[in-house]
Ligand SMILES: Nc1nc2c(ncn2[C@@H]2O[C@H](COP(=O)(O)OP(=O)(O)OP(=O)(O)O)[C@@H](O)[C@H]2O)c(=O)[nH]1
Ligand SMILES: [Mg+2]
């Protein structure tokens, strides 16, 4: 089981829909227009069939206070941050630290996704590293952490996310 976490509106639901589309498009390169999404109140389970079945559990941002009750059967975490919204960054950073310090997730593989890089004036990975001291966070964490800049809207970086999911799933099974 892979958990998909991140504050409200960072783009988790759109990411899952795009990954499903990317995985099933039979060689077609165009992902098409982004589908509409609704805020996730509760949790959504999505199966992605790539070589073998992978299940992604999105926990809505509004569920933040009880995310930890879902950590039990989790081997990997996608943690999403909205790179276009500086006002949400401190919340995202404290949520990320909470996730990384959770005992049940100590051995999980973690992919931190900086989403919405199609937006003008998004914060680059370099800026993000300085703003939230990402190298220190990674150095102090027990988990194997990878980072990626993506746009769930236009599809940038999503093939690498799918590859990470497949590799992590293979390593954990
Ligand atoms: N420009 C842009 N908009 C995006 C991107 N990803 C998501 N959005 C938009 O952001 C809004 C929120 O997206 P959701 O996927 O519903 O966000 P969420 O993280 O699932 O939110 P909760 O379920 O409330 O926790 C929607 O209008 C999406 O179309 C992106 O990469 N670029
Ligand atoms: Mg959602």
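Numbering (the numbering used here), first residue to last: 88 to 260. For every residue, glycine included, the Cβ atom is placed at its ideal position computed from N, Cα and C.
Fill in: Sequence-ordered residues whose beta carbon comes within less than 5 Å of a heavy atom of ligand 2
99, 100 and 127
Item to complete: Would you kindly work out how many angstroms separate the C-alpha atoms of residue 137 and residue 207, rounded to a whole number?
Response: The residue given as residue 137 occupies position 50 in the chain shown. The residue given as residue 207 occupies position 120 in the chain shown. If you take the alpha carbons of residue 137 and residue 207, they lie about 33 Å apart.
Worksheet item: Where does the unbroken alpha helix (DSSP H) through residue 183 begin, and where does it stop?
Response: Reading the chain shown from its first residue, position 96 is the one you call residue 183. Element bounds for residue 183: 176 to 187.
Worksheet entry | Beta-bridge partners of residue 91, as assigned by DSSP | Here residue 91 corresponds to residue number 4 of the chain shown, with the count starting at 1. The partner list for residue 91 (beta bridge, DSSP) reads 145 and 165.
Fill in: Boundaries (first-last residue) of the alpha helix (DSSP H) holding residue 213
The residue given as residue 213 occupies position 126 in the chain shown. Note, residue 213: alpha helix (DSSP H), 212 to 219.
Item to complete: Please classify residue 89: is it buried, with 16 or more other beta-carbons within 10 angstroms of its beta-carbon, or exposed?
Response: The residue labelled residue 89 in the question sits at position 2 within the chain shown. Its Cβ being crowded by 16 or more others within 10 Å, residue 89 is buried.
Discussion item. Once DSSP output is grouped into helix, strand and coil, what is the label at residue 192?
Written reply: Mapped onto the chain shown, residue 192 falls at position 105. Helix, per DSSP.
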